[in-house]
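Number of protein chains: 2
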Amino acid sequence: MSQERLLELWRPLHDLRMTRAVLEWDQETMMPPGGAAARARALATLAGEVHARLVDDALHEAALRARDAAEEGSVEHAQALVALRDVERARRVPARLARELAEATSAGLVSWQAARKESDFARFAPDLERIVRLKEEEAQAVADGGRPYDALLDEYEPGTREADLVPLFERIRAELSPRIRAVAESGVVVDESPAQGQFPEAHQRALGLAASRAIGFDHDAGRLDLAAHPFCTSFSPRDVRITWRFQEDDFRPALYGILHESGHGLYEQGLPLEWEGQPLGEAAGLGIHESQSRLWENAVGRSRGFLRWLAVPWREAFGAPMPDVEELWPALHTCRPSLIRVEADESTYDLHVLVRFELERRLFSGELATADLPAAWNGAYEEVLGLRPANDAEGVLQDIHWAMGAFGYFPTYTLGNLMAAQLFAAAGAELGDLEAAFAAGEFAPLREWLREKVHRHGRRWRSAELVERASGRPLTPDDHLARLAEQVETVYGVTVGGATG
Amino acid sequence: MSQERLLELWRPLHDLRMTRAVLEWDQETMMPPGGAAARARALATLAGEVHARLVDDALHEAALRARDAAEEGSVEHAQALVALRDVERARRVPARLARELAEATSAGLVSWQAARKESDFARFAPDLERIVRLKEEEAQAVADGGRPYDALLDEYEPGTREADLVPLFERIRAELSPRIRAVAESGVVVDESPAQGQFPEAHQRALGLAASRAIGFDHDAGRLDLAAHPFCTSFSPRDVRITWRFQEDDFRPALYGILHESGHGLYEQGLPLEWEGQPLGEAAGLGIHESQSRLWENAVGRSRGFLRWLAVPWREAFGAPMPDVEELWPALHTCRPSLIRVEADESTYDLHVLVRFELERRLFSGELATADLPAAWNGAYEEVLGLRPANDAEGVLQDIHWAMGAFGYFPTYTLGNLMAAQLFAAAGAELGDLEAAFAAGEFAPLREWLREKVHRHGRRWRSAELVERASGRPLTPDDHLARLAEQVETVYGVTVGGATG
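Chains U and B are the protein sequences, given in the same order.
For what it's worth, the working numbering labels the leading residue of the first sequence as 79, then goes sequentially.
For what it's worth, the working numbering labels the leading residue of the second sequence as 79, then goes sequentially.
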């Protein structure tokens with residue numbers, strides 16, 4: 079009975095969140111420009127509605143009762159604990175603060191857009207300062223005596239702590255930074271022309287759909303649409319929306335973007351239907367979510383086996399033969415420092431995350447003032463990636479996250495990379511020659527392994543535990559770094575910093 | 079202050095209704111099949127949320143106070159009266175009845191679909207019986223001592239009464255029925271081949287968009303998508319969604335469907351922005367809404383002037399010359415009895431409405447039992463249109479309305495036809511030679527006239543009053559019947575029943 083009451087109160091909360099997701103999806107994919115003002119108001123109304131239900135005493139009480147009535151270790155117990163986590167996080171934030179944060183990020187998004195357009199951090203600075211101050215206040219409230227920055231990390235990937243991330247990022251930096259320098263000094267320049275040409279939108283869409291379907295994304299329970307900034311969102315495991323964008327002269331952004339979002343989508347479609355609309359019926363965290371997208375995008379999509387399979391759909395989509403796999407492979411595994419995170423290759427991506435993680439830590443420990451961010455950003459890029467942004471637009475203003483108040487989010491990108499590599503290695507150890515399977519178009523064994531090890535558990539276990547159960551060991555950067563070392567050795571003949579070579 | 083409180087409580091109610099409209103639009107245009115179950119739940123949650131806010135005592139009190147504080151005849155007074163109308167209608171329906179109606183129509187939609195598929199009224203009959211019984215109960219509650227069927231009519235077109243409709247429909251029948259017989263006896267068969275051919279989807283879309291843009295539908299404040307059953311919905315005057323469908327071998331369903339929905343869309347885009355999210359900021363009723371769609375579809379879109387203008391966009395869309403206007407015109411003005419309302423031509427359409435109106439009246443006066451509907455339907459079609467449905471699918475099961483509990487809705491289609499003709503005649507009397515304007519692509523004068531006379535008033539005045547103010551006389555079938563008589567005389571050389579000839 080206690081459990082039933084909890085689920086009864088949770089269902090409409092879930093429905094309203096899902097409703098909000100529909101409005102946001104429409105906003106990014108379909109809405110005409112005129113609709114922006116009304117949409118912003120409707121989203122604010124829905125956010126208020128969701129918040130009111132989340133902090134409602136009746137829900138809190140139902141979750142407490144459900145927890146007390148359930149046997150420890152049972153599904154019912156887990157439902158209650160997960161619900162309590164969300165409820166208590168929300169209840170610790172005073173209504174006044176929640177409102178101020180909503181206003182500040184709403185204003186912040188507007189001034190960030192204007193600032194980025196004019197490459198002028200000063201236009202965004204006052205709003206960012208206000209957002210940081212409010213987020214500190216929120217973090218302190220939520221941390222409830224713990225470390226404020228940990229409370230922020232915990233929002234995106236439950237259980238993540240700054241103290242655990244620091245050594246991970248130290249190892250990544252120690253290995254990747256010297257390697258980038260060595261690659262630069264090697265003088266090797268990858269020929270990317272096999273990835274370039276003239277690829278009409280409709281043909282790229284056809285190829286992306288073929289790849290997405292092949293790996294198992296169910297388009298009767300989802301759809302693919304264009305968006306300026308690709309994303310995946312879900313209204314139900316039976317209704318998952320992925321988006322893409324394309325470049326006419328390079329097939330990579332579209333194909334690997336679609337594989338990435340399809341990976342996210344497979345996770346959402348694999349969540350247990352019997353928990354739909356219940357506390358456990360969601361993804362465990364953003365890090366593990368990113369692991370699913372990265373795994374299909376990189377470990378699968380850039381593999382020789384996948385490329386061998388791709389030759390037939392390529393010919394069908396483009397009406398021309400695919401370039402040779404061995405010619406294509408280096409163009410999919412470059413190691414080339416760049417200024418823009420979302421365009422970074424696998425070998426440099428984590429350093430972009432590292433810069434942001436370090437800056438956030440310094441912001442939230444009080445070591446760094448908001449006004450000093452641009453200089454700190456540019457200095458860090460020069461030090462870590464060897465490149466200095468020429469202006470704020472290609473520097474500190476490039477990401478939307480801080481304008482949204484999403485501090486503690488960036489590390490999930492690297493956690494995703496590490497988890498992807500560790501899960502993929504474990505799957506390979508269990509399933510045998512995956513490359514051969516991919517070449518034969520057999521993606522189901524890997525997908526079902528991920529369903530079994532990750533998707534079907536929803537929020538029953540935390541991401542770290544899912545990875546440890548699946549791979550038999552705690553999360554480390556080993557597999558990820560080994561993968562990167564091997565790539566660079568193959569493409570550039572450079573072995574600096576190879577951990578396992 | 080009283081006014082402010084009312085608007086403050088109305089805004090989130092509006093936002094939630096708009097949110098529901100977004101979910102419904104997505105459901106009809108974008109949603110993959112898998113999403114149906116989750117969507118139904120989310121819509122039910124939203125409906126409950128909207129209802130709870132509508133019947134909330136605080137809103138009722140705010141509306142009463144606002145009314146009492148405002149000067150009679152002022153905008154503030156009108157805002158309060160319109161709000162009170164909606165609030166009191168909703169408050170008269172007991173929560174138990176609202177819930178039962180939601181369940182009954184939800185079950186009814188499912189069994190109606192199955193019944194229609196198998197052409198078996200018996201499968202739908204028990205649900206329909208329950209819906210009718212509950213709607214009677216609702217009508218009695220809402221009528222508050224008045225006539226129950228009037229309470230149903232009033233929901234769709236405020237102020238409409240059965241007693242006023244009866245003579246309208248009697249005149250329509252007296253004129254149209256004999257004319258149909260005379261046309262059949264004339265032996266004239268219209269050559270529809272000029273409207274037929276091979277028209278690829280993309281080309282038809284291009285033509286429809288050109289027409290839609292030309293009459294002034296703003297595609298930066300709206301969009302056009304495919305849907306199985308075309309409709310128009312609005313999330314704001316700056317975000318209006320219209321939909322279309324097409325037939326590869328006949329250009330008429332797509333072009334005239336798009337003109338029809340664009341007409342609805344122009345009304346929505348013309349509603350006053352300063353009243354957005356307020357009680358007055360909506361359309362006055364479904365009859366006047368239909369008048370806007372019919373006016374652009376029929377009075378404009380089928381006119382010789384419009385067809386002259388159409389020749390250039392036609393050539394651009396199809397890459398071939400348009401058939402001669404005089405050859406096309408008869409194919410756009412047929413008078414051919416048929417069994418399916420949504421496929422009916424202008425000269426027979428109102429008789430389909432008449433049959434439904436008569437059956438509804440008899441159902442709600444207790445003269446007709448639900449079980450006897452199929453026989454009554456078939457008899458009425460034979461009598462009025464001279465055709466007898468061969469089965470229930472092409473008879474009593476063809477419309478979704480009753481399964482949704484929408485009794486009292488059908489008459490708005492004919493009210494729309496009458497209003498369209500009377501408004502168009504009044505516009506012509508004021509603006510001069512409209513046909514010449516259309517031929518020159520000048521649609522703005524008519525559109526601005528409708529903005530001024532209809533759109534900009536929102537719900538400030540009832541539809542009947544808008545028409546009377548615009549045309550200088552109460553609504554009559556005169557202009558509509560004159561239009562039909564003239565068409566039939568031109569195409570078939572038949573003059574029977576011409577009221578004004």
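Where a beta carbon is used, it is the ideal one built from N, C-alpha and C, also for glycine.
Here the structure is a predicted model, which is why all the values come from computation and not from measurement.
Asked                                                                                                                                                                                    : Found
Compute the Euclidean distance between the alpha carbons of B:Pro-408 and B:Ala-517, then round it to the nearest angstrom.                                                              : 18 Å
Please name the residue or residues paired with B:Trp-322 in a DSSP beta bridge.                                                                                                         : B:Leu-304
If we ignore side chains and look at the alpha-carbon of each, how far apart do B:Gly-506 and B:Leu-417 end up?                                                                          : 34 Å
Could you name the residues of the same chain whose beta carbon sits closer than 8 Å to that of B:Trp-527, not counting the 5 residues immediately before and after it, in chain order?  : Ala-505, Glu-508, Leu-509
For the stretch 511-545 of chain U, list every residue whose C-beta sits within 9 Å of some C-beta in chain B, in sequence order.                                                        : none
Hey, is B:Ala-229's beta-carbon within less than 8 Å of any beta-carbon in chain U?                                                                                                      : no
Please list, in chain order, all residues of the same chain as U:Val-210 whose beta carbon is under 7 Å from its beta carbon, the five residues on each side excluded.                   : Leu-441, Thr-448
So, is the C-beta of U:Arg-439 closer than 8 Å to a C-beta in chain D?                                                                                                                   : Reference to chain D is not applicable here, since the protein chains of this structure are U and B.
Determine the extent of the beta strand (DSSP E) in which U:Ser-314 is found, giving its start and end residues.                                                                         : 310-314
Let me check understanding here. Comparing Cα to Cα, which of U:Glu-154, U:Glu-279, U:Ala-114, U:Ala-115 lies closest to U:Glu-82?                                                       : U:Glu-154
Reducing DSSP to helix, strand and coil, say where B:Gln-191 ends up.                                                                                                                    : helix
What residues in the stretch 285-300 of chain U bring their beta carbon closer than 9 Å to a beta carbon of chain B?                                                                     : Asp-296, His-297, Asp-298, Ala-299, Gly-300
Who are B:Gln-274's beta bridge partners in DSSP?                                                                                                                                        : B:Asp-328
Alpha carbons only, please: which of U:Thr-426, U:Arg-547, U:Leu-94 is nearest the one belonging to U:Ala-252?                                                                           : U:Thr-426
Residues in its own chain within less than 6 Å of U:Val-431 by CB, not counting five upstream and five downstream?                                                                       : Phe-488, Tyr-491, Thr-492
By the DSSP assignment, the alpha helix (DSSP H) with U:Phe-295 in it spans what residues?                                                                                               : No alpha helix (DSSP H) contains U:Phe-295, which DSSP labels as neither H nor E.
Can you say whether U:Glu-127 is buried or exposed, counting buried as having 16 or more other CB atoms within 10 angstroms of its CB?                                                   : buried
Only counting the same chain, and skipping five residues up and downstream in sequence, which positions put a Cβ closer than 6 Å to that of B:Thr-578?                                   : Its pLDDT being 44, under 50, B:Thr-578 is placed unreliably in this model, and the value from its coordinates should be taken loosely. Once the five neighbours on either side are set aside, the close Cβ partners of B:Thr-578 are Ala-560.
How would you list, in chain order, the residues of chain B whose beta-carbon sits under 9 Å from the beta-carbon of U:Pro-110?                                                          : Asp-296, His-297, Asp-298, Ala-299, Gly-300, Arg-301, Arg-316, Asp-317, Val-318, Arg-319
Of the residues B:Ala-332, B:Ile-478, B:Arg-393, B:His-535, which one's Cα is nearest the Cα of B:Glu-631?                                                                               : No statement about residue 631 of chain B is possible, as the shown extent of chain B runs from 79 to 579 and does not include it.
Can you tell me the Cα-Cα spacing of U:Arg-169 and U:Leu-501, whole angstroms?                                                                                                           : 35 Å
DSSP on B:Asp-222, reduced to helix/strand/coil?                                                                                                                                         : coil
Does DSSP classify U:Asp-593 as helix, strand or coil?                                                                                                                                   : Outside the displayed range of chain U (79 to 579) lies residue 593 of chain U, so it cannot be described from this structure.
Going by Cα to Cα distance, which pick from U:Arg-143, U:Leu-187, U:Ala-219, U:Ala-147 is closest to U:Ala-173?                                                                          : U:Ala-219
Do you know how far the Cα of B:Asn-495 is from the Cα of B:Leu-246?                                                                                                                     : 12 Å
Count the CB pairs spanning the stretch 90-100 of chain U and the stretch 304-319 of chain U that are closer than 8 Å, and state whether there are at least three.                       : yes
Please classify B:Asp-146: is it buried, with 16 or more other beta-carbons within 10 angstroms of its beta-carbon, or exposed?                                                          : exposed
Does DSSP put U:Asn-495 in a helix, in a strand, or in coil?                                                                                                                             : helix
Mind listing which residues of the stretch 109-128 of chain B have their C-beta closer than 9 Å to chain U's C-betas, in chain order?                                                    : Met-109, Pro-110, Pro-111, Gly-112, Gly-113, Ala-114, Ala-115, Ala-116, Arg-117, Arg-119, Ala-120, Leu-121, Ala-122, Thr-123, Leu-124, Gly-126, Glu-127
Classify U:Tyr-345 as helix, strand or coil using the three-state DSSP reduction.                                                                                                        : helix
Using the beta-carbon count (16 or more within 10 Å), is B:Gly-571 buried or exposed?                                                                                                    : exposed
Can you tell me whether U:Pro-308 is buried or exposed? The criterion is at least 16 other CB atoms within 10 Å of its CB, across all chains shown.                                      : buried
Check whether the stretch 278-294 of chain U touches the stretch 334-348 of chain U, counting contact only when three or more Cβ pairs, one atom from each stretch, lie closer than 8 Å. : yes
Please list, in chain order, the chain B residues whose beta carbon lies closer than 7 Å to that of U:Leu-101.                                                                           : Thr-97, Val-100
Here's the rule: buried if 16 or more other CB atoms are within 10 angstroms of the residue's CB, otherwise exposed. What is U:Glu-438?                                                  : buried
List the residues of chain B that U:Phe-313 touches, going by C-beta distances under 8 Å, in chain order.                                                                                : Gly-113, Ala-116, Arg-117, Ala-120
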